[in-house]
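Below is one structure, written out as structure tokens; the observations come after it.
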Amino acid sequence: MSKEIYETLWETGWEDARYYGPIARHSRRIINKMTLDLNITSVLDVGCGECSLLSSITENHYPSLVSGVDISKKALKLCEKIIPTGSFYKLDITNEKLEEKFDLIVSADVIEHLNNDQAAIKNMSAMLNPGGRLIISTLLGEMRSVERQVGHLRNYNKKDLLDKISNAGLEIEQVTTWGWPIFSPIYRNLLNLINNKGTMGKFGTFRKIICNILYYLFYLNSSKKGDYIFVRAKQK
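Just add 34 to wherever you are in the sequence shown, counting from 1, and you've got our numbering.
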């Protein structure tokens, strides 16, 4: 996905899909669960989007330093409204990093879009405090055509992803795979069949209700098996 197309998504209301969508909500739930045993005073969201993930983490941990980076100016403006005390920067994680160091860095559904994912993971690792944690989420398995349309350059296999994280100087602590069978393959195949119809733009009452029904239905997914992977790693 080009930067221009990505910016256009935010201009046409992609924040509703990211906030109300059942997959995004479960992603936030799982990532927050992976942080419960951590003492977090500083947090960075790489690819922060509309800030719903970062906002949920700040509500659970009350860090004194809250930051987000993204390549979309529109998304960053949304974040500034949601977390006015946060610091937000336009940054390409594949070739840039902040000077600040953080106890926790999260990056949800980002690395599959990047040409140089290894460089991005190394830059994230470089922004961690000693003993700091990085949590990354992405997709495993067969790539659907609709995923290519929204900018996926790859889906991962588990070993390759863990190797890339380890190669950035990080120690793997937790790995969670989620989503079988309702999210993947059933829901992913359905989205592919309908070409993502109904998932973009502003959400009215009907779509919000459908998203809520799907969110609770997706609790029937396995919490130990699936194509949605979450990895927590520690800075050595």
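Just so you know, even glycine gets a beta-carbon here, dropped at the ideal spot from N, CA and C. Just so we're clear, the structure is a prediction, and the values are computed from it rather than from any experiment.
Item: Residue 161 and residue 136 closer than 7 Å at C-beta; Value: yes
Item: Enclosing alpha helix (DSSP H) for residue 42 [first to last residue]; Value: 37 to 45
Item: Residues bridged to residue 212 (per DSSP); Value: 262
Item: Strand pairing of residue 269, partner residues [DSSP]; Value: 204
Item: Terminal residues of the alpha helix (DSSP H) in which residue 250 lies; Value: 239 to 251
Item: Sufficient close CB pairs (3 or more, under 8 Å) joining the segment 146 to 158 to the segment 97 to 107; Value: no
Item: The segment 168 to 175 in contact with the segment 117 to 132 per 3-pair CB rule at 8 Å; Value: no
Item: Span separating the alpha-carbon of residue 214 from that of residue 114; Value: 36 Å
Item: Closest residue to residue 235 among 133, 48, 38, 227 (Cα-Cα distance); Value: 48
Item: C-beta contact flag for residue 59 and residue 90 at 7 Å; Value: no
Item: Residue 156: first and last residue of the uninterrupted beta strand (DSSP E) it sits in; Value: Premise fails: residue 156 lies in the alpha helix (DSSP H), 151 to 160, not in any beta strand (DSSP E).
Item: Rounded C-alpha distance that separates residue 70 from residue 209; Value: 15 Å
Item: Element boundaries [alpha helix (DSSP H), containing residue 224]; Value: 222 to 227
Item: Residue environment, residue 197, which counts as buried when at least 16 other CB atoms sit within 10 Å; Value: exposed
Item: Spatial distance of residue 111 from residue 204 (CA atoms); Value: 32 Å
Item: C-alpha gap between residue 242 and residue 249, whole angstroms; Value: 10 Å
Item: Residue 199 - DSSP class collapsed to helix/strand/coil; Value: helix
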